[in-house]
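Asks: In this text, residue positions in the sequence shown follow numbering that gives the first Met the number 0: the first is 0, and each later residue adds one.
Glycine residues also receive a C-beta, built at the ideal position from the N, C-alpha and C atoms.
Source: prediction; values computed, not measured.
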Amino acid sequence: MLLMKYIVILLLSIFALSSCGGEVDTNAVAQVEELMAQNSYESAQKLCDNITDVENLEEIPVMDLCQLSLVYVKLSEQMNEVENMAKATKCYHAASLMSADSVDAYISELP
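1) Does the beta-carbon of Ala36 have 16 or more other beta-carbons within 10 angstroms, so that it is buried, or is it exposed?
2) Residue ranges of each alpha helix (DSSP H) run of no fewer than 4 residues wholly in the stretch 57–94, ordered along the chain?
3) Which whole-angstrom value is the C-beta distance of Ala87 and Ser107, which I expect to be below 8 angstroms?
4) On the three-state DSSP scale, how would you describe Leu46?
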């Protein structure tokens, strides 16, 4: 229930922001998901931060940004709540600016 609350807040934050394909190691994004499944939150946090520590988030593919955004939301439930929600919003906003249709497609596929 708390996760859904954060997702709603995240989506509202994205729409409140102005709507003004690089290469990332897709294996790294998959590794983040694996770390989350193992409850290795600190390791997942470090890897997420390493992936998103780029000069421009547009270097990261849209679908990876969507995945990272949801991971940051999940991480916010475990640690660094405000910081991780801000990072989730930043990833989602960047993805929306790059391809709003792809973000909509990603959201529609969520369970």
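Replies: On the basis of the coordinates in this document:
1) Its Cβ having fewer than 16 others within 10 Å, Ala36 is exposed.
2) Listed in chain order, they are 61–75.
3) That pair is no contact at about 19 angstroms.
4) In this structure, Leu46 counts as helix in the three-state DSSP scheme.
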